[in-house]
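Each step along the sequence shown adds one to the number in this note's numbering, with nothing skipped, and position 170 is 683.
Think of the CB as a built atom: it goes at the ideal place given N, C-alpha and C, for glycine as much as any other residue.
It should be emphasised that the depicted structure is a prediction, and the values quoted were computed from it without experimental measurement.
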Amino acid sequence: MKVLLIGSGGREHALALKIAQSPLCEALFIAPGNPGTAKLGTNTLLNIADHAGVAQFCRDKGISLVVVGPEAPLVAGIADDLAKEGIAVFGPSKAAAQLEGSKDFTKQLCDDAKVPTAAYATFTALDKAIAYVREKGAPIVVKYDGLMAGKGVTVASTVAEAEAALNALYASEKNATVVIEECLMGEEASLFCLVDGETVILFGSAQDHKRVFDNDEGPNTGGMGAYSPAPVVTAEVERRALEEIVIPSMKEMAKRGTPYRGVIFAGLMIDDAGAPKLIEYNCRFGDPECQALMLRLESDLLALLNATARGALAGQTITLKPVSAVGVVMASKGYPGDFEKGSVIRGLDAAGSIEGVTVIHAGTRADGEKILANGGRVLTICGVGRDLFEARERAYKGVAAVDWPEGFTRSDIGAKGVARLKA
Ligand code: AMP
Ligand code: GLY
514 MKVLLIGSGG REHALALKIA QSPLCEALFI APGNPGTAKL GTNTLLNIAD HAGVAQFCRD
574 KGISLVVVGP EAPLVAGIAD DLAKEGIAVF GPSKAAAQLE GSKDFTKQLC DDAKVPTAAY
634 ATFTALDKAI AYVREKGAPI VVKYDGLMAG KGVTVASTVA EAEAALNALY ASEKNATVVI
694 EECLMGEEAS LFCLVDGETV ILFGSAQDHK RVFDNDEGPN TGGMGAYSPA PVVTAEVERR
754 ALEEIVIPSM KEMAKRGTPY RGVIFAGLMI DDAGAPKLIE YNCRFGDPEC QALMLRLESD
814 LLALLNATAR GALAGQTITL KPVSAVGVVM ASKGYPGDFE KGSVIRGLDA AGSIEGVTVI
874 HAGTRADGEK ILANGGRVLT ICGVGRDLFE ARERAYKGVA AVDWPEGFTR SDIGAKGVAR
934 LKA
């Protein structure tokens with residue numbers, strides 16, 4: 514099978530690694546890819562927003578499966594447009610991608626499917642939104658309805674903070690749709706499942722680290738590191754999240770005539786009693802959660818992605834190795850604010866040759882033999898070990914072998930999981 518993978522981040526390098534390992538893979542194209550994916554297939558420049566152009570590329574190359582990494586092309590309807598051309602796509606239709614594309618859509622779905630989630634109200638006018646915040650008090654969460662690359666959410670600890678967030682949102686968009694919701698307490702974790710429209714199969718759990726600095730301080734980022742499995746997601750939490758959250762949501766999508774196909778990423782808040790509530794859905798693998806998950810995968814990824822895309826998941830199983838994986842993001846100093854590009858990164862081969870260590874590229878650029886930093890999140894250094902302790906130790910050994918003075922990491926990736934295992 515010939516495959517086109519869309520995206521350029523650490524998630525796509527990890528997906529490419531597993532797709533290229535599959536005996537089913539005859540050829541792999543990555544658009545646009547990065548220096549990591551260049552070693553696994555053919556990086557290709559394509560205008561992803563031009564769906565007819567992507568379809569033409571698929572016909573020219575004999576591609577029978579397109580795997581979409583990021584959310585934006587899915588929300589823009591790439592799966593629908595390629596399906597019309599007879600090309601199978603791993604990733605949901607535009608209608609089903611609303612689960613990530615619109616917070617209000619997901620909250621209404623939760624109401625209809627009786628999925629536990631934060632109490633909420635939706636507004637399109639500033640004065641009504643402010644009146645609601647004053648009535649409810651803080652802490653309270655303010656969310657822009659549409660895609661905002663993770664920057665549309667304010668968890669406000671005071672009413673003034675919530676009002677400032679609302680003022681800023683309405684200043685930039687006059688009739689913005691805003692969801693205001695109850696602030697959930699507990700520990701966050703993510704659950705990933707493959708869904709082929711009907712059948713839901715659990716992939717696994719992971720925990721991300723969204724804040725830029727240790728101890729969850731500083732501004733939010735796309736994710737500074739992840740580990741899988743997440744000890745907070747016990748077998749019982751997993752069962753409840755599937756039965757109370759993911760399965761009813763997917764049934765409701767099918768009932769509405771917009772069945773969901775692809776990976777569903779459920780962001781959960783788990784309270785002290787082990788009850789999971791849905792924070793949000795994403796219609797893709799998390800980054801860097803994907804890196805940790807892929808390094809645990811024993812099954813043939815391409816066979817699973819293909820079965821998902823073709824509605825043939827029934828009877829399939831996902832086998833994970835009995836190991837733990839930790840991915841530590843190396844980011845450019847200054848991220849998530851301004852940062853410089855172009856510094857030289859050395860020591861990647863040394864890091865990658867350490868037992869249990871895999872170097873995943875994200876924001877890098879090749880210049881001859883040299884690898885240069887070319888983004889905010891630049892690398893994910895992953896460690897796999899028999900347990901979380903060994904996986905962490907290996908990941909940080911890998912980080913220490915990378916010679917890149919212009920980069921930084923968090924030093925506590927996986928620490929919450931370690932604390933749980935020691936408790
Ligand atoms: P979202 O884009 O909806 O995932 O929100 C980004 C982050 O904001 C989440 O990962 C949580 O850390 C936090 N968050 C969102 N909604 C809530 C909520 N209702 N209660 C507490 N934290 C939340
Ligand atoms: N790491 C969080 C995300 O991919 O949204």
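| said: Can you determine whether any heavy atom of the ligand GLY sits closer than 7 angstroms to the C-beta of residue 801, and answer yes or no? | reply: Counting from one through the sequence shown, the residue named residue 801 turns up at place 288. Within the cutoff, so yes.
| task | Measure the Cβ-Cβ separation of residue 651 and residue 669 and say whether it is below 8 angstroms. | result | Indexing the sequence shown from 1 puts residue 651 at position 138. Indexing the sequence shown from 1 puts residue 669 at position 156. Taking 8 angstroms as the Cβ cut-off, residue 651 and residue 669 qualify as a contacting pair.
| query | By Cβ distance below 6 angstroms, which residues in the same chain neighbour residue 841 in space, the five residues on each side in sequence not counted? | reply | Residue numbering aside, residue 841 sits at position 328 when the sequence shown is read from its first letter. Excluding sequence neighbours, residue 841 sits near 738, 894, 908, 912, 922 and 926.
| message | Following a CB-centred definition, is residue 649 positioned closer than 7 angstroms to any heavy atom of the ligand ZN? | response | In the structure on display, the ligand ZN does not appear, and the ligands it does have are the ligand AMP and the ligand GLY.
| field | Segments assigned alpha helix (DSSP H), at least 4 residues, entirely inside the stretch 705-779 | value | 748-753 and 760-768
| task | Quick one: grab the DSSP three-state call for residue 606. | result | Within the sequence shown, numbered from 1, the residue matching residue 606 stands at position 93. If DSSP states are grouped into helix, strand and coil, residue 606 belongs with coil.
| said: Nearest by alpha-carbon distance to residue 691: which of 757, 675 and 648 is it? | reply: Residue numbering aside, residue 691 sits at position 178 when the sequence shown is read from its first letter. Residue 691 has its Cα closest to that of 675, out of 757, 675 and 648.
| said: Using only CA atoms, which one of 588, 829, 711 and 788 lies nearest to residue 817? | reply: Taking the first residue of the sequence shown as position 1, residue 817 is located at position 304. The option with the nearest alpha carbon to residue 817 is 829.
| said: Quick check on the DSSP output: what are the complete alpha helix (DSSP H) runs of length 4 or more inside the stretch 777-819, in order along the chain? | reply: 802-809
| message | Does the beta-carbon of residue 674, which I'm using as the reference point, lie nearer than 7 angstroms to any heavy atom of the ligand AMP? | response | Locating residue 674 in the sequence shown gives position 161, where the first residue counts as 1. No, the beta carbon of residue 674 sits no closer than 7 angstroms to any heavy atom of the ligand AMP.
| Heavy atom of the ligand GLY less than 7 angstroms from the Cβ of residue 731, yes or no? | As a first step, residue 731 is located in the sequence shown; it is residue number 218 there, counting from the start. Outside the cutoff, so no.
| Any chance the CB of residue 591 is under 7 angstroms from a heavy atom of the ligand AMP? | What you label residue 591 is simply residue 78 of the sequence shown in a count that begins at 1. For the ligand AMP, not one heavy atom lies less than 7 angstroms from the Cβ of residue 591.
| request: Enumerate in chain order the residues of its own chain whose CB-to-CB distance from residue 765 is below 7 angstroms, with the five nearest sequence positions on each side excluded. | output: Indexing the sequence shown from 1 puts residue 765 at position 252. Same-chain partners within the cutoff: 622, 625 and 626.
| task | Using DSSP bridges, identify the partner residues of residue 919. | result | In the sequence shown, residue 919 corresponds to position 406, counting from 1. Bridge partners of residue 919: none, in fact.
| Rounded C-alpha distance that separates residue 798 from residue 610 | On the sequence shown, position 285 is the one that residue 798 refers to. On the sequence shown, position 97 is the one that residue 610 refers to. Going from the Cα of residue 798 to the Cα of residue 610 covers about 13 angstroms.
| query | Per DSSP, what kind of secondary structure is residue 899 in: helix, strand or coil? | reply | The sequence position of residue 899 within the sequence shown is 386, counting from 1. Of the three classes helix, strand and coil, the one that applies to residue 899 here is coil, per DSSP.
| 3-residue-minimum beta strand (DSSP E) runs that sit fully inside the stretch 556-627, ordered along the chain | 578-581 and 601-603
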